[in-house]
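Be aware that the sequence shown starts at -3, since it is given in the working numbering, and climbs by one per residue.
Each residue gets a CB set at the ideal place from its N, CA and C atoms; glycine is no exception.
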Amino acid sequence: MTNDDEFLAFLRDKESISNMIFQYATALDHRQWDLLVPLFKQDVHYSYGGYVTGTGGDDLIAMIRSNLDGCGPSQHLFSNLRITASSQGDPNKANCLFYGRVMHAGVEEESHLLFDFWGEYRCQLVRDTQIGAHHWLISEIEQTGFHHTGDMKILKGK
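See below:
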C-alpha cells in the first residue's frame, strides 16, 4: 500500500468482510433467514463438506434451513478470520478463511442429543459497488470439516 487512503480503504474492506461473516453466524443462530439474503451473490457456489453442493442463494438458504429449522439451539462460533483483499490483483475480489466451531442441540424428545462440528470455511468474495464501496458478497463458500462428535440426525428440517 502506497498511502494512507489505500490503507484506510483496506481496513474498511476487512471490517466490512468481518461484519459479514459474523452476520452469517447471527442469522444461523437466531434463525433470521432474511439476514442471509444480502450476504450471497444470487449465483453463489457452495460446498458443505463435499456432501452438499450447489449454486444459487435461494438454494443455499433452503439447504441451511433444511438442517437448522428442525433442530434446537445452535451456536456458530467463527474465529481466526484471514482476509485477503484484492485477491489476484483485482481490487473487487477478496478471500476470507475462518474457523467454525458449531454446536447444535436437539429438540423435544431429542433435546439430550448434541452435534458438534469443527471446521474451516473458505469464501471467495466480490465487491458490490452498486450498494457501496466497501460492500462485499460471497460468490463461493466451501465448508471443510476437521472433526465432529455427537448425533448428526438432529439436523433436519421441520
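### Task
Just tell me which of Gln38, Lys37 and Asp55 has its CA closest to the CA of tyrosine 44.
On the sequence shown, position 48 is the one that residue 44 refers to. When only C-alpha atoms are compared, the closest one is Asp55.
### Limits of the unbroken alpha helix (DSSP H) element including threonine 145
Residue mapping note: residue 145 aligns to position 149 of the sequence shown, counting from 1. No alpha helix (DSSP H) holds threonine 145; the beta strand (DSSP E) holding it covers 132 to 146.
### Query
How long is the line joining the alpha carbons of arginine 123 and glutamate 116, rounded to whole angstroms?
Stepping through the sequence shown from its first residue, residue 123 is reached at position 127. Stepping through the sequence shown from its first residue, residue 116 is reached at position 120. Whole-angstrom Cα-Cα distance: 22 angstroms.
### One or two residues paired with isoleucine 163 in a DSSP bridge
There is simply no residue 163 to check, as the chain begins at -3 and stops at 154 in what is shown.
### Message
Mapping the DSSP letters down to three states, classify glutamine 19 as helix, strand or coil.
### Response
Counting from 1 along the sequence shown, the entry for residue 19 is found at position 23. Of the three classes helix, strand and coil, the one that applies to glutamine 19 here is helix, per DSSP.
### Query
Span of the alpha helix (DSSP H) holding arginine 61?
Counting from 1 along the sequence shown, the entry for residue 61 is found at position 65. Residues 53 to 64.
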